[in-house]
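Participant:
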């Protein structure tokens with residue numbers, strides 16, 4: 058028994074030793090070493106992450122004096138960068154110092170557009186890194202470029218096309234650097250006097266990209282109600298700058314001057330005032346705004362401009378909030394005139410879609426309805442003049458038409474178009490502005506006295522007015538719908554006339570146009586107009602029982618539109634033989650089923 062016990066104990070110890078040996082096999086030792094190495098690498102990565110976060114926090118806590126605004130617009134000639142020409146989406150990464158941003162993805166691989174803005178801060182590193190990436194392959198970038206911000210002037214917007222590597226690919230962006238610091242009252246670094254000389258009329262330049270220059274000095278603001286720490290943004294087309302934050306008092310003072318290149322003299326200077334608070338930063342709502350047309354600027358005039366609300370219809374909140382500006386604008390008149398007939402510059406940042414507004418819809422529908430109603434009334438008046446309802450008026454109209462047609466020449470037509478301009482020019486020069494201002498002031502006082510009563514009445518009648526508008530909207534919508542249908546119908550009739558949908562009417566039109574061309578060649582145009590007027594005024598006596606009509610509209614009413622052509626479309630009628638075959642086919646199909 059003892060031998061058996063000792064042997065069993067020996068077996069157990071050997072088995073335990075084998076287990077321990079298996080537990081400490083070479084592979085296990087390697088795993089332990091690798092785990093220790095991984096643990097050390099994780100600790101090292103955590104240390105490096107802590108160092109990066111510490112460095113980032115130090116840099117962010119550092120004082121920055123320049124705000125950088127980058128607008129990522131588009132890219133071109135980048136299809137060669139893709140391996141198979143396909144992509145799940147292209148996006149860009151931007152990095153300035155420790156700040157990095159990622160743009161939205163664009164599915165267009167031929168000409169991607171982002172039109173996205175980024176706000177950065179300039180600390181010590183002046184190098185802006187931009188790289189293009191494919192959403193399906195984020196291991197390597199498709200191309201990259203760098204921008205040295207120190208080479209570009211501050212307080213100006215720079216439009217740049219940058220090359221992505223050595224290929225033809227380019228990326229389009231605009232960069233604006235704004236120094237966020239106070240300056241002296243008379244300190245202005247803008248070289249306006251040096252740059253305005255190139256826009257003299259004596260300078261001949263075929264480059265129509267820049268037609269002038271604008272100098273704006275933002276002095277201060279008053280009447281904002283509270284005492285905010287505010288800043289304002291100024292924008293002309295795609296050029297946008299920003300002042301520093303100032304205030305915490307009733308009167309805000311900036312004393313900053315800016316230069317803008319004018320690409321279109323019909324543009325406006327858009328100024329928006331913002332409060333530098335956390336809530337307002339999240340909402341991105343302005344305290345007030347104002348739009349100033351460049352053509353209404355008086356040079357070197359220091360003027361207060363009232364701030365408006367977001368709809369630009371009423372005054373903003375506060376005690377008559379206003380901003381003090383001093384502006385000067387110089388432009389080349391010839392280049393600016395030529396630029397008026399060219400396409401307007403497209404905005405880099407496209408506004409979001411307009412939300413549905415029942416009040417706006419109602420006002421637009423009412424306007425279109427009034428236009429159709431005015432055209433209808435003019436048509437009725439036009440027909441009644443030829444009926445001699447007012448004989449004296451019709452007689453003088455006929456005599457005036459004959460005299461006009463007798464003396465009219467082609468070169469006189471532009472002079473007739475000048476008559477409205479001449480009339481309003483004389484009227485504006487001799488209009489009593491003082492009396493008009495007094496009358497307007499009296500009306501304003503009267504409105505202010507009755508303002509409370511009007512508000513109460515408006516609030517009480519608000520529901521009734523809304524119900525009346527909804528009820529009237531149905532009638533107005535029907536009028537507008539009928540007018541639009543009529544325009545579409547006559548457009549289709551003209552197309553069907555040209556395309557010989559009714560050959561007889563098309564041939565009649567061809568004959569009429571040929572005879573008219575021959576008549577205009579033989580008979581002077583003046584006499585033709587005189588004869589047309591006499592025919593219109595005398596046909597009542599020639600045919601007293603005729604129905605009032607419009608010859609041209611009656612002619613087009615004989616031409617079918619697309620809906621009538623669909624009604625006229627003939628269906629296929631089978632012949633007797635085809636009928637028997639059809640019955641046999643139907644019978645065979647039914648039996649097979």
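Residue numbers (the working numbering): 58 to 650.
Here a beta-carbon is modelled for each residue, glycine too, at the ideal position from N, C-alpha and C.
What did DSSP end up calling residue 163 once you bin it into helix, strand or coil?
Facilitator: Here residue 163 refers to the residue found at position 106 of the chain shown. Reduced to three states, the DSSP call for residue 163 is strand.
Participant: Decide if residue 449 is buried, meaning its Cβ has at least 16 other Cβ atoms within 10 Å, or exposed.
Facilitator: Sequence index remark: in the chain shown, residue 449 carries index 392 (1-based). Its Cβ having fewer than 16 others within 10 Å, residue 449 is exposed.
Participant: Across which residues does DSSP place residue 214 in a beta bridge pair?
Facilitator: By one-based count along the chain shown, residue 214 stands at place 157. 233.
Participant: Would you identify the three-state DSSP class for residue 370, choosing helix, strand or coil?
Facilitator: One-based indexing of the chain shown puts residue 370 at position 313. It is coil, neither helix nor strand.
Participant: Please state whether DSSP places residue 624 in a helix, a strand or coil.
Facilitator: Your numbering for residue 624 matches position 567 in the chain shown. In this structure, residue 624 counts as helix in the three-state DSSP scheme.
Participant: Give the C-beta separation of residue 322 and residue 351 to the nearest angstrom, bearing in mind that I take them to be a contact with Cβ-Cβ under 8 Å.
Facilitator: Here the question's residue 322 lines up with position 265 in the chain shown. Here the question's residue 351 lines up with position 294 in the chain shown. Between residue 351 and residue 322 the Cβ distance is about 6 Å, and since that is below 8 Å, they are a contact.
Participant: Go to residue 149, then tell me how far its beta strand (DSSP E) extends in each direction, as first and last residue.
Facilitator: Along the chain shown, one-based indexing puts residue 149 at 92. Run containing residue 149: 147 to 153, per the beta strand (DSSP E) assignment.
Participant: Thinking just about the alpha-carbon of each residue, which of 324, 169 and 465 is nearest to the one in residue 393?
Facilitator: Counted from its first residue, the chain shown places residue 393 at position 336. Looking at 324, 169 and 465, the one whose alpha-carbon comes closest to that of residue 393 is 324.
Participant: Near residue 365, what residues of its chain come up, given a Cβ to Cβ distance below 8 Å and the 5 sequence neighbours on each side ignored?
Facilitator: Against the chain shown, residue 365 aligns to sequence position 308. Non-local C-beta neighbours of residue 365 in its own chain, meaning closer than 8 Å and more than five positions away in sequence, comprise 345, 346, 347, 371, 372 and 373, ordered along the chain.
Participant: Would residue 463 be called buried (16 or more neighbouring beta carbons within 10 Å of its own) or exposed?
Facilitator: Here residue 463 is taken as the residue at index 406 of the chain shown, counted from 1. It is exposed - the Cβ of residue 463 has fewer than 16 other Cβ atoms within 10 Å.
Participant: Considering only residues of the same chain and omitting the five flanking positions on each side of residue 280, which have a CB-CB separation below 7 Å?
Facilitator: In the chain shown, counting from the first residue as 1, residue 280 sits at position 223. Excluding residues within five positions, the ones whose Cβ falls inside 7 Å are 375, 376, 377, 378 and 379.
Participant: Return the first residue and the last residue of the alpha helix (DSSP H) that residue 462 is part of.
Facilitator: Position 405 of the chain shown, counted from the first residue, corresponds to residue 462. Unbroken alpha helix (DSSP H) run through residue 462: 448 to 464.
Participant: Hey, is the stretch 154 to 174 in contact with the stretch 194 to 209, meaning 3+ C-beta pairs nearer than 8 Å?
Facilitator: no
Participant: Residues bridged to residue 363 by DSSP?
Facilitator: Residue mapping note: residue 363 aligns to position 306 of the chain shown, counting from 1. Answer by DSSP bridge pairing, in chain order: 379.
Participant: What did DSSP end up calling residue 180 once you bin it into helix, strand or coil?
Facilitator: Residue 180 sits at position 123 when you count from the first residue of the chain shown. Note: residue 180 maps to coil in three-state DSSP.
Participant: I'd like to know whether the C-beta atoms of residue 258 and residue 391 end up nearer to each other than 8 Å.
Facilitator: Locating residue 258 in the chain shown gives position 201, counting from the first residue. Locating residue 391 in the chain shown gives position 334, counting from the first residue. Going by C-beta atoms, residue 258 is nearer than 8 Å to residue 391.
Participant: Helix, strand or coil: which one does DSSP assign to residue 352?
Facilitator: The count along the chain shown starts at 1 and reaches residue 352 at position 295. Reduced to three states, the DSSP call for residue 352 is helix.
Participant: In three-state DSSP terms, what is residue 265?
Facilitator: For the purposes of this step, residue 265 is identified with residue 208 of the chain shown, where counting begins at 1. Residue state, collapsed to three classes: coil.
Participant: Give the secondary structure of residue 228 by DSSP, where H, G and I count as helix, E and B as strand, and everything else as coil.
Facilitator: Here residue 228 refers to the residue found at position 171 of the chain shown. In this structure, residue 228 counts as strand in the three-state DSSP scheme.
Participant: Are the stretch 130 to 139 and the stretch 162 to 175 touching by the rule of at least three beta carbon pairs closer than 8 Å?
Facilitator: yes
Participant: Please return the same chain residues whose Cβ sits closer than 6 Å to the Cβ of residue 274, not counting the five positions on each side in sequence.
Facilitator: Start at 1 with the first residue of the chain shown, and residue 274 comes out as number 217. Cβ neighbours of residue 274 beyond the five flanking positions: 314 and 383.
Participant: At a cut of 8 Å, does the stretch 550 to 560 reach the stretch 449 to 458 through at least three beta carbon pairs?
Facilitator: no
Participant: Let's test the definition: count the other Cβ atoms within 10 Å of the Cβ of residue 195 and tell me whether it reaches 16, buried, or not, exposed.
Facilitator: For the purposes of this step, residue 195 is taken as residue 138 along the chain shown, with counting starting at 1. When all chains shown are included, residue 195 counts as exposed.
Participant: Skipping 5 residues on each side, what residues in its chain have a beta carbon closer than 7 Å to that of residue 405?
Facilitator: Your numbering for residue 405 matches position 348 in the chain shown. Only 128, 130, 172, 231 and 295 meet the Cβ criterion.
Participant: DSSP three-state label for residue 193, please.
Facilitator: Residue numbering aside, residue 193 sits at position 136 when the chain shown is read from its first letter. If DSSP states are grouped into helix, strand and coil, residue 193 belongs with coil.
Participant: Is residue 320 closer than 8 Å to residue 268 when the C-beta atoms are compared?
Facilitator: As a working mapping, residue 268 is identified with position 211 in the chain shown. As a working mapping, residue 320 is identified with position 263 in the chain shown. Going by C-beta atoms, residue 268 is nearer than 8 Å to residue 320.
Participant: Whose C-alpha, out of 276, 307, 302 and 478, is nearest the C-alpha of residue 357?
Facilitator: On the chain shown, residue 357 is found 300 positions in, with the first residue counted as 1. Comparing Cα positions, the closest option is 276.
Participant: Are residue 235 and residue 187 closer than 8 Å when you measure CB to CB?
Facilitator: Walking along the chain shown from the start, residue 235 turns up at place 178. Walking along the chain shown from the start, residue 187 turns up at place 130. It is not a contact, given that the beta carbons lie outside the stated cut-off.
Participant: Could you tell me the distance, in whole angstroms, from the CA atom of residue 536 to the CA atom of residue 607?
Facilitator: For the purposes of this step, residue 536 is taken as residue 479 along the chain shown, with counting starting at 1. For the purposes of this step, residue 607 is taken as residue 550 along the chain shown, with counting starting at 1. Taking the straight line joining both Cα atoms gives about 21 Å.
Participant: Would you please state the rounded distance, in angstroms, between the beta carbons of residue 287 and residue 302? I believe it to be under 8 Å.
Facilitator: Residue mapping note: residue 287 aligns to position 230 of the chain shown, counting from 1. Residue mapping note: residue 302 aligns to position 245 of the chain shown, counting from 1. So it is a contact: roughly 7 Å between Cβ atoms.
Participant: In chain order, what residues of the same chain lie with their CB nearer than 7 Å to the CB of residue 362, ignoring the 5 residues before and after it?
Facilitator: Working through the chain shown from its first residue, we reach residue 362 at position 305. Contacts found: 347, 349, 379, 380 and 382.
Participant: Considering only DSSP beta bridges, list what residue 272 is partnered with.
Facilitator: Here residue 272 is taken as the residue at index 215 of the chain shown, counted from 1. Residue 272 is bridged to 316 and 385.
Participant: Classify residue 389 as buried or exposed, calling it buried when 16 or more other Cβ atoms lie within 10 Å of its own Cβ.
Facilitator: Along the chain shown, read from residue 1 onward, the residue named residue 389 stands at position 332. Residue 389 comes out buried.
Participant: Excluding sequence positions up to five away, which residues of its chain have a Cβ less than 7 Å from the Cβ of residue 554?
Facilitator: The residue you call residue 554 lines up with position 497 of the chain shown. Cβ within range, chain order: 562, 563, 566 and 616.
Participant: So the candidates are 623, 622 and 550; which of them puts its Cα closest to the Cα of residue 611?
Facilitator: Taking the first residue of the chain shown as 1, we reach residue 611 at position 554. Minimum Cα distance to residue 611 is reached at 550.
Participant: Need the endpoints of the alpha helix (DSSP H) that residue 572 sits in, please.
Facilitator: For the purposes of this step, residue 572 is identified with residue 515 of the chain shown, where counting begins at 1. From DSSP, the alpha helix (DSSP H) with residue 572 extends over 560 to 579.
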